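The structure appears below as structure tokens.
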Amino acid sequence: MAVMEINAALVKKLRDLTGAGMMECKAALTEANGDLEAATTLLRKRGLAAATKKAGRSTSEGLIGHYIHMGGKIGVLVEVNCESDFVARTEKFQELTKELTMHIAAANPTFVRREEVPADVVAREKEIYKDQVKDKPANVIDKIIEGKMNSYYQQFCLLEQASVRDPNTTIQQLVQDAIRILGENITISRFTRMKVGEQSAQ
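Written out as structure tokens, the structure is:
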């Protein structure tokens, strides 16, 4: 296989796409033989590893993001936390917060993460799915129910939803990308979505 030349323009393009450092981008492009998509995937995987290391760190700073949509018919508040006020003031952190508010307005999640789904809701959903697959072979029922529960979480839990801007990326991945770029742990604490004439789901 011919080795593709890794020029400065390609490195810059990858850097613009991912926010990674120049040397990281060049190394990823070299490893991916100049394939931009493959290099992006490599950087995301490495970013995920870095983000995981930061996940336990305390987040007591941050912002309350807000967004009003459709002529005042839908409003969103979201609390996004980080480790320092310095990061909270960065353009990248503010962009993330804004994107989250717009996503919540459009996608209407109910919970931030699957751990917040009440046990009685989980039990109710499992009973519904169990009834739906009662005629299936016993050895596959649990796996089918698990798959249906994962689909439920992807529909109703913010972090597991696909971004409305980029359906190939989850909200969790957006947060992890921001963690990699900003170098601090970032968490979404809570949100409220209000629509005129509609009771809040939370």
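For our numbering, count along the sequence shown from 1 and bump the result up by 142. The C-beta atom is built at its ideal place from N, Cα and C for all residues, glycine as well. All values derive from a computational prediction rather than experimental measurement.
Which ranges would you report for the alpha helix (DSSP H) in the region 295-336 if only whole runs of at least 4 residues count?
-> 313-324
Counterpart residues of C167 in DSSP-defined beta bridges = Counted from its first residue, the sequence shown places residue 167 at position 25. Answer by DSSP bridge pairing: none, since C167 is not bridged.
Sort V282, P309, N327 by Cα distance to S226 and report the nearest one.
-> Taking the first residue of the sequence shown as position 1, residue 226 is located at position 84. Checking every option, the nearest Cα to that of S226 belongs to N327.
With DSSP as the reference, please indicate the residues paired to N223 in a beta bridge.
-> Position 81 of the sequence shown holds residue 223. In the DSSP output, where bridge partners are listed per residue, N223 has G204, T329.
Are the Cβ atoms of L219 and F253 separated by less than 8 Å?
-> For the purposes of this step, residue 219 is taken as residue 77 along the sequence shown, with counting starting at 1. For the purposes of this step, residue 253 is taken as residue 111 along the sequence shown, with counting starting at 1. Not a contact, by the Cβ cut-off of 8 Å.
Is A191 helix, strand or coil by DSSP?
-> Numbered from 1 along the sequence shown, position 49 holds the residue referred to as residue 191. Because the pLDDT of A191 is 49, which lies under 50, any placement of that residue in the model is unreliable, and the question is left without a value.
With a cut-off of 8 Å, do at least 3 Cβ pairs link the region 201-221 to the region 266-280?
-> no
Cβ neighbour criterion (16 or more within 10 Å) applied to I246 | Numbered from its first residue, the sequence shown carries residue 246 at position 104. When all chains shown are included, I246 counts as buried.
Check whether the Cβ atoms of I330 and L242 sit closer than 8 Å, and answer yes or no.
-> Locating residue 330 in the sequence shown gives position 188, counting from the first residue. Locating residue 242 in the sequence shown gives position 100, counting from the first residue. For I330 and L242, yes; Cβs fall inside 8 Å.
Helix, strand or coil for V282 per DSSP?
-> Numbered from its first residue, the sequence shown carries residue 282 at position 140. Here V282 sits in helix by DSSP.
Rounded to whole angstroms, what's the CA-CA distance from R335 to N250? Just pull it up for me.
-> Here residue 335 refers to the residue found at position 193 of the sequence shown. Here residue 250 refers to the residue found at position 108 of the sequence shown. For R335 and N250, the distance between alpha carbons rounds to 7 Å.
How many Å lie between I216 and A304 at the Cα?
-> Locating residue 216 in the sequence shown gives position 74, counting from the first residue. Locating residue 304 in the sequence shown gives position 162, counting from the first residue. If I take the Cα positions, the gap works out to 20 Å.
Assign V229 to buried or exposed, taking buried as 16 or more other Cβ atoms, counted over all protein chains shown, within 10 Å of its Cβ.
-> The residue labelled residue 229 in the question sits at position 87 within the sequence shown. By the 10 Å Cβ count, V229 comes out buried.
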